[in-house]
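UniProt numbering puts the first residue of the sequence shown at 1, with every later residue one more than the last.
Heads up: the structure comes next, in structure tokens.
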Amino acid sequence: MAFQKFNVTTFVPIFVLLLSLNCKAQLSTTFYDTTCPTALSTIQSTISAAVNSNPRNAAFLIRLLFHDCFVQGCDASLLLGGAGSEKESPANDGVLGYEVIDDAKAAVEGVCPGVVSCADILAVAARDASVAVSGPSWVVRLGRRDSTTSNAAEAGTDLPRGNFDLTTLISNFQNKGLNAREMVALSGSHTIGQARCTRFRGRIYNNTLPIDAAFATSLRQNCPQTGSDGNLEPLDLVTPNTFDNNYFRNLQSNRGLLISDQVLFNGDSTDSIVNEYVDNPSTFDSDFGAAMVKMSEIDPLTGANGIIRTLCTAAS
């Protein structure tokens, strides 16, 4: 009797996929309904107050979730400090807003000690930050647990850069299970926030991508070729503190601040998506919310995996 040869190269990817789907299946919109029914309202109050105090916090919080989920999955590993941590990686230089998450965690610990994970707080905070600046809302499924480890090296390899070309960007997002359309939608978060000279100097002095002349002249006044590295410019000059689709209009006018912004509209495959988001802001809002949900569920720790941190900065 002949036995069929076992194809391990086929089985392993299928097993990994099934494991990933099982982890996501354990996430639920009702996860804290019994154990901490005021969790979401408590987080929302903290985030709303933080954004009202400083509108830049909205961009900080969305970026925090993005930078966390792209390294080790959505496990709050970004929040851990110390040598060799993601937070200390050059790839996370300039990432801010940690103290807002700390405040939200402290508020939740005050009503439900040891119940709500930092990873879930990050996911909810990003949604609430969007809403606070007139952006879309979406349903967050909960049940993530927190990592006890953080890896600076992975942050260096897994996070996209502001000087990536389109092919590299698409590949980077595909590695995390996100397609080109989702990548463009998520890039639309640059409708809020600011960037330092060090992030866009190459765009305004040495890059071959088309750039609006008046836009470049204005940027060069605030960002000389040397020095003033920390000077800031809004990613969207028109409505920098409101979540809307003006980011995409800027790209059509060759006013993308970062190289990775303008490559989305440069006679290539993503031009049509940019045009669609300009013409249909409601489509952008819907796509952005759906992409944020998908991104927020990249490789979560669930069930018996991970822990619930008492402090988001410490693995205990």
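All residues carry an ideal CB built from backbone N, CA and C; glycine is no exception.
Buried versus exposed, by CB contacts within 10 Å (16 or more), residue i
i, result
"residue 238", "exposed"
"residue 99", "exposed"
"residue 247", "buried"
"residue 195", "buried"
"residue 95", "buried"
"residue 263", "buried"
"residue 250", "buried"
"residue 91", "buried"
Beta carbon of residue i nearer than 9 Å to that of residue j
i, j, result
"residue 154", "residue 290", "no"
"residue 62", "residue 126", "yes"
"residue 115", "residue 39", "yes"
"residue 242", "residue 134", "yes"
"residue 259", "residue 209", "yes"
"residue 306", "residue 103", "no"
"residue 120", "residue 139", "no"
"residue 129", "residue 211", "no"
"residue 315", "residue 148", "yes"
"residue 180", "residue 51", "no"
"residue 122", "residue 64", "yes"
Anticipated Cβ contact below 8 Å, residue i with residue j, distance rounded
i, j, result
"residue 72", "residue 175", "Going by Cβ atoms, the distance from residue 72 to residue 175 rounds to 13 Å, so no, they are not a contact pair."
"residue 69", "residue 298", "5 Å"
"residue 312", "residue 105", "5 Å"
"residue 229", "residue 198", "5 Å"
"residue 178", "residue 268", "Incorrect: roughly 18 Å between the Cβ atoms, too far for contact."
Through-space distance from residue j to residue i, alpha-carbon basis
i, j, result
"residue 159", "residue 67", "7 Å"
"residue 309", "residue 81", "13 Å"
"residue 45", "residue 240", "23 Å"
"residue 32", "residue 142", "8 Å"
"residue 170", "residue 202", "21 Å"
"residue 204", "residue 55", "26 Å"
"residue 278", "residue 244", "10 Å"
"residue 234", "residue 304", "42 Å"
"residue 189", "residue 300", "22 Å"
"residue 137", "residue 75", "22 Å"
"residue 163", "residue 206", "11 Å"
"residue 109", "residue 254", "46 Å"
Reduced DSSP category for residue i - H, G, I as helix; E, B as strand; rest coil
i, result
"residue 225", "coil"
"residue 300", "coil"
"residue 28", "strand"
"residue 212", "coil"
"residue 90", "helix"
"residue 83", "coil"
"residue 75", "coil"
"residue 33", "coil"
"residue 281", "helix"
"residue 307", "strand"
"residue 264", "coil"
"residue 96", "coil"
"residue 122", "helix"
"residue 196", "strand"
is_contact[residue i, chain B] using C-beta, thresh 9 Å
i, result
"residue 69", "Although the question refers to chain B, the structure presented lacks it and comprises just one protein chain."
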